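Undergrad:
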Amino acid sequence: MNPIWKHSVTVDVVIFTVENNQLEILLIKRALPPYENEWALPGGFLKEGEDSRTAALRILKDKAGINDIYVEQLYTFDNMKTDPRGPVISVAYFALLPRKSLKIKNISEIQEPTFFPVT
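When the letters of the sequence shown are read in order and numbered with this note's numbering, they come out as residues 209 to 327.
1. Starting from residue 305, trace the alpha helix (DSSP H) both ways and give me its first and last residue.
2. Using DSSP with H/G/I as helix, E/B as strand and the rest coil, what is residue 237?
3. Skipping 5 residues on each side, what residues in its chain have a beta carbon closer than 8 Å to that of residue 278?
4. For residue 310, which residues in the same chain have their Cβ closer than 7 Å to its Cβ, ignoring the five residues on either side in sequence?
5. So, helix, strand or coil for residue 270, using DSSP?
6. Can you give the Cα-Cα distance for residue 287 and residue 324, rounded to whole angstroms?
7. For residue 231, which residues does DSSP report across the bridge?
8. In whole angstroms, give me the CA-to-CA distance for residue 263 and residue 228.
9. Taking the alpha-carbon of residue 329 as reference, which of 292, 290 and 285 has the nearest alpha-carbon?
10. Residues in the same chain with beta-carbon distance under 6 Å from residue 299, minus the five sequence neighbours each way, listed in chain order, please.
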């Protein structure tokens with residue numbers, strides 16, 4: 209009998225927008241280790257009983273202050289060596305939105321959502 213393999217599932221969200229004819233991406237400054245104070249895609253662990261799309265919307269609300277947007281599943285990454293906390297499968301979602309349609313809340317819990325040029 210094989211032992212059960214333990215792993216985690218995360219969800220990461222890529223938000224694209226165009227500003228001044230330039231493609232930009234939303235990043236947040238991580239508040240916790242690992243990679244504290246580093247820029248990253250909004251992401252987080254899947255909670256028990258939660259599907260990945262619901263997690264993506266929760267993460268956008270909690271970490272970037274963005275509500276009520278359409279996201280599409282992009283890809284599932286299964287390179288188990290990308291996270292120092294252990295093996296992680298990451299489900300990626302994306303959205304392409306006009307900048308004016310994004311309403312970002314400014315509250316202390318939000319992790320500095322900032323748009324950066326893709327280049």
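Ideal Cβ placement from N, Cα and C applies to all residues, glycine included. Note that the structure is a prediction, hence the values are computed from the model and not measured.
TA: Inspection of the coordinates gives the following:
1. As a position in the sequence shown, residue 305 is number 97, starting the count at 1. Careful: residue 305 lies outside any alpha helix (DSSP H) and carries neither H nor E.
2. Taking the first residue of the sequence shown as 1, we reach residue 237 at position 29. Residue 237: strand per DSSP, three-state reduction.
3. Residue mapping note: residue 278 aligns to position 70 of the sequence shown, counting from 1. Taking C-beta separations shorter than 8 Å and ignoring five residues to either side along the sequence, the partners of residue 278 in its chain run 303, following chain order.
4. As a first step, residue 310 is located in the sequence shown; it is residue number 102 there, counting from the start. If we look at residue 310 and ignore the five residues flanking it on each side, its Cβ neighbours are 225 and 274.
5. Walking along the sequence shown from the start, residue 270 turns up at place 62. Residue state, collapsed to three classes: helix.
6. Along the sequence shown, one-based indexing puts residue 287 at 79. Along the sequence shown, one-based indexing puts residue 324 at 116. Roughly 26 Å separates the two Cα atoms.
7. For the purposes of this step, residue 231 is taken as residue 23 along the sequence shown, with counting starting at 1. According to DSSP, residue 231 shares a beta bridge with 226.
8. Taking the sequence shown and counting its residues from 1, the one referred to as residue 263 is at position 55. Taking the sequence shown and counting its residues from 1, the one referred to as residue 228 is at position 20. Distance between the alpha carbons of residue 263 and residue 228 is about 31 Å.
9. Lying before the first or after the last residue shown, residue 329 is absent from the chain, which here runs from 209 to 327.
10. Counting from 1 along the sequence shown, the entry for residue 299 is found at position 91. Result list for residue 299: 219, 260 and 284, in chain order.
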